[in-house]
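Going by my numbering, the sequence shown opens with residue 2, and the numbers climb by one from there. Ideal placement from N, C-alpha and C gives every residue a C-beta, glycine not left out. Remember, predicted model here, so these are calculated numbers, not experimental data. Here's the structure, in structure tokens; my notes come after.
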Amino acid sequence: MSAPDRGQAGFEEFVAARRQALLRTAYLLTGSHEDAEDLVQVALVKAVPYWSRIADHPEPYVRRILARESVSRWRRRRWRELSTDTLPERSAAAPDPTDRAALHEALARLAPRQRAVIVLRYFDDLTERQTAEALGIGVGTVKSQTRDALARLRGLLPDLDEEPATLTR
Numbered sequence: 002m003s004a005p006d007r008g009q010a011g012f013e014e015f016v017a018a019r020r021q022a023l024l025r026t027a028y029l030l031t032g033s034h035e036d037a038e039d040l041v042q043v044a045l046v047k048a049v050p051y052w053s054r055i056a057d058h059p060e061p062y063v064r065r066i067l068a069r070e071s072v073s074r075w076r077r078r079r080w081r082e083l084s085t086d087t088l089p090e091r092s093a094a095a096p097d098p099t100d101r102a103a104l105h106e107a108l109a110r111l112a113p114r115q116r117a118v119i120v121l122r123y124f125d126d127l128t129e130r131q132t133a134e135a136l137g138i139g140v141g142t143v144k145s146q147t148r149d150a151l152a153r154l155r156g157l158l159p160d161l162d163e164e165p166a167t168l169t170r
């Protein structure tokens, strides 16, 4: 098997092959198609200067950029949010956990790091170690964030199946 192309052609091949998967991950991290497009674009731009070093295995590096940039964006936007005295009205019916919209809404209500851990572990099928490397945190932190995030999801979606694998696609 030949070595990966470390030039522009190799980068373009990677983008063509993995763009949809990266967009899916970014959408799950941000909850918005527009923000997901922006997030993937930023991640790819940040990966270009390091392409010659990461060309052998670029996806973990790009995923790490996606996850970290998503958290950074959330932190930058957080101070701009305005508090209100009245809460918006909620639907009288409980959300249906089989409905993708309900799951996406519940994911959006998780803390950014919890959301990143759930997306990388269960939507992208990364191991605990791969998730830890992608986020630059310890495996123990991945485990505790996963536990807390799943508990929060179960609280938000009480009928959610106990098996985390049912969260996939």
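Coil, strand or helix - residue i by DSSP
i: A10; result: helix
i: G171; result: For the chain, the structure presents residues 2 to 170; residue 171 sits outside this window and is missing.
i: T31; result: helix
i: R19; result: helix
i: D149; result: helix
i: R110; result: coil
i: T128; result: coil
i: H58; result: coil
i: L157; result: helix
i: Y123; result: helix
Limits of the alpha helix (DSSP H) - the one that residue i falls within
i: A37; result: H34 to A48
i: P113; result: P113 to I119
Outcome for residue i when other beta-carbon atoms lying within 10 angstroms are tallied against a minimum of 16
i: E70; result: buried
i: Q9; result: exposed
i: T26; result: buried
i: Q21; result: exposed
From the options, residue whose alpha carbon lies closest to that of residue i
i: A117; options: A103, R101, D149 and A102; result: D149
i: G11; options: I138, E35, D36 and A56; result: A56
i: R64; options: V41, R74, R54 and A112; result: V41
i: P113; options: L23, G32 and E134; result: G32
i: L172; options: P50, E35 and Q115; result: Outside the modelled stretch of the chain, which goes from 2 to 170, sits residue 172, for which no answer is possible.
i: A37; options: W52, E13, I66 and G137; result: I66
7 Å Cβ shell around residue i - same chain, five flanking residues per side excluded
i: L29; result: L108, V120 and F124
i: E60; result: R19
i: T132; result: V118, L121, R122 and V143
i: V46; result: none
Sequence-distant residues of its chain with Cβ nearer than 6 Å to residue i (five each side left out)
i: G141; result: none
i: F15; result: P59
Nonlocal neighbours in the same chain, by C-beta distance under 8 Å from residue i, ignoring five residues either side
i: G139; result: A133
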